[in-house]
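Sequential numbering from 377 applies to the sequence shown in our numbering. Note that beta-carbon positions come from the ideal geometry of N, C-alpha and C, so glycine has one too. Note that the coordinates shown come from a computational prediction; the quantities given were computed from them, not determined experimentally. Okay, structure first, notes after.
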Amino acid sequence: MRKPPAISCDLITTSDKKTIFAVRVDSGPLIRKKIEDYEKLYSKFKDNLPVTTTAPPKKKLLQADAKLQEKRRQWIVALSQTLLSSYYSK
């Protein structure tokens with residue numbers, strides 16, 4: 377069994393105030409996607425994910441954008457680690 381790769385995720389804010397999440401697995405290429413893409417990925421695999429894997433964080437009334445973006449960043453890292461660890465355990 378191999379060790380799962382390290383995952384890093386950074387936020388990129390575009391000129392039109394949209395947030396892009398840049399994910400890198402080990403020293404591989406940078407993958408830039410919107411939160412909607414990760415939500416679609418989650419909905420495709422949610423039946424095969426462990427119960428402990430939570431749904432993506434949603435925007436709440438009066439919640440700071442920075443706090444929401446950080447929660448989403450952490451969620452993307454956790455989701456990626458879960459998917460990759462199940463792949464590497466086979």
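- For S419, the three-state secondary structure derived from DSSP is helix.
- Looking at the backbone, the Cα of F397 and that of I383 are separated by about 12 Å.
- Residue environment analysis places R408 among the exposed positions, since fewer than 16 neighbouring C-beta atoms fall within 10 angstroms of its C-beta.
- Between P432 and R448, the C-beta gap is smaller than 8 Å, which places the two residues in contact.
- Within 10 angstroms of the beta-carbon of L455 lie 16 or more other beta-carbons, which makes it buried.
- The beta carbon of L460 lies closer than 8 Å to those of P380, P381, I383, V401 in the same chain, with the five residues before and after it left out.
- Following the DSSP letters along the chain, one finds S403 in no beta strand (DSSP E), marked with neither H nor E.
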